[in-house]
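At position 132 of the sequence shown (counting the first as 1) the number is 132 in my numbering, and the numbers step up by one without a gap.
Here a beta-carbon is modelled for each residue, glycine too, at the ideal position from N, C-alpha and C.
Because the structure is a prediction, the values reported are computed rather than measured.
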Amino acid sequence: MNSYIELSKEVARAVAYNQPIVALESTIISHGMPYPQNVETALQCQQIVRDNGAVPATIAILNGKLKVGLSDEEIDFLGKEGQKIHKTSRRDIAYNILHKINGATTVSATMYIAEQAGIKVFATGGIGGVHRNAEDTMDISADLEELANTNVTVVSAGAKAILDLALTLEYLETKGVPVIGYQTDQLPAFYSRESDFKVNFNVQSPKEIADLITTKQFLGLKGGMLIANPIPKKYSMPKELINEAIEQALVEMESLGIKGKETTPYLLGKIVELTKGKSLAANIQLVYNNCKLAAQIAYEVHQIEV
């Protein structure tokens, strides 16, 4: 594995000295936001992680290597290239490495690479899940299967609002993945703090989450945990407004015949257009909020282990 994985100096030092580390994905840079907001957001995410006592490890595939920890120049490259960069899930990793295809890692790929590097906590915006009308399309994100099998705790603002949240929760329950609300009983719906669905457990502090991680590890329970962290109240959008935009975007997407891994970037972009940029501002703020909590959790895990 060492011949395929490359740690930045900062991350290598953190691994060597057993410092807290937070993994960050790169699909949000190349496919989640327009340039230059994508680069600005990625760099600010890293700073927030540092400010809260952990080392950031943004993950991507570059020049045939699993890169754990990106330079500012590498982040800018991903941002400028945008959707020219291959959106890479777990399925694509080996092929991209073999053919030296640059890849922006999704939740599933980031989780896999993070575990290989010994990183236990990962911050993202929202996970993928069961898509609407999945009973006909069988469109279910690989993120859910990764959560069932990979020992990484994922901090997100719930699942993306474009998904079928009820079926996403059912899938996670079937796979034995704990869905834990951070100071909430409800599953956040990405842009909105609230939904009609309940989480499995409600925790009140990063320390409690860290205790859960270490207890789960001690018991040998396979798989990750999903920490559902609501978007800050100041930036939360009304459910009705977002649902109306999603429904319109879905109709237009179907008329254009967009399917598979192109659906999420299209829908998120269309929702930004329909909400006149409000959803993008909310997206950025919820990612910052998740980075802060993830760093606090990683720090508390480190305190338990030292």
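Please name the residue, chosen from the options, that lies closest to residue i on a Cα-to-Cα basis.
i    : options                   : result
S195 : P178, L163, T215 and E10  : L163
H86  : I246, V152, H31 and A117  : H31
S236 : M225, P188 and G118       : P188
G277 : L241, D185 and E300       : L241
A94  : L62, K84, G118 and A123   : L62
E74  : A298, N38, A109 and T184  : N38
A234 : L24, S192, N2 and L165    : Looking at the sequence shown, residue 234 is not Ala but Lys. For K234, the nearest C-alpha among the options comes from S192.
A245 : T264, A228, L221 and L274 : L274
P34  : H302, D211 and V272       : V272
K84  : E262, L293 and P206       : E262
G69  : E173, K9 and S89          : K9
N151 : S108, R132 and V306       : S108
T337 : G103, G269 and L268       : The chain is shown only over 1 to 306; residue 337 falls outside these bounds and no answer can be derived.
I59  : N52, S71, D51 and G53     : S71
H99  : Y4, Q296 and T124         : Y4
Please tell me whether residue i and residue j are closer than 8 Å, where the distance is taken between their beta carbons.
i    : j    : result
I29  : V55  : no
G158 : F190 : yes
V15  : C291 : no
E6   : K67  : yes
T153 : V121 : yes
Q46  : H302 : no
A210 : G181 : no
T27  : T106 : yes
G129 : S156 : no
K222 : N149 : yes
A282 : I213 : no
I119 : A42  : no
DSSP state of residue i, grouped into three classes?
i    : result
Q204 : coil
H99  : coil
G79  : helix
E6   : strand
T105 : strand
E302 : The sequence given here has His at residue 302, not Glu. DSSP places H302 in helix when its eight states are reduced to three.
M253 : helix
T58  : strand
A282 : helix
A14  : helix
S71  : coil
A295 : helix
K198 : strand
I127 : strand
A189 : strand
A159 : strand
M111 : helix
K222 : coil
Can you give me the start and stop residues for the beta strand (DSSP E) that residue i sits inside?
i    : result
Y182 : V179 to Y182
H86  : H86 to T88
A123 : V121 to A123
S156 : T153 to S156
V226 : Here residue 226 turns out to be Leu, not Val, going by the sequence shown. Taken as a continuous stretch (DSSP letters only), the beta strand (DSSP E) holding L226 covers M225 to A228.
H148 : The question names His, but residue 148 is Ala in the sequence shown. Segment A142 to N149 is the alpha helix (DSSP H) holding A148; no beta strand (DSSP E) there.
L66  : K65 to V68
Span of the alpha helix (DSSP H) holding residue i?
i    : result
E173 : L165 to T174
I21  : I21 -> not in any alpha helix (DSSP H); beta strand (DSSP E) instead, spanning I21 to L24.
G269 : T263 to L274
R308 : Nothing about residue 308 can be read from this structure; the chain reaches only from 1 to 306.
L43  : Q37 to D51
I258 : Premise fails: I258 is in no alpha helix (DSSP H) and is neither H nor E.
S30  : T27 to S30
Please determine whether the Cβ atom of residue i lies at a distance below 7 Å from any heavy atom of the ligand ADP.
i   : result
E10 : You won't find the ligand ADP in this model; it holds no ligand whatsoever.
Is the number of C-beta pairs between the segment 280 to 289 and the segment 140 to 149 that are closer than 8 Å three or more?
-> no
Mind the definition here: the segment 111 to 130 touches the segment 71 to 82 only if three or more C-beta pairs lie below 8 Å; say whether that holds.
-> No, because fewer than three Cβ pairs between the segment 111 to 130 and the segment 71 to 82 fall closer than 8 Å, the two stretches do not touch.
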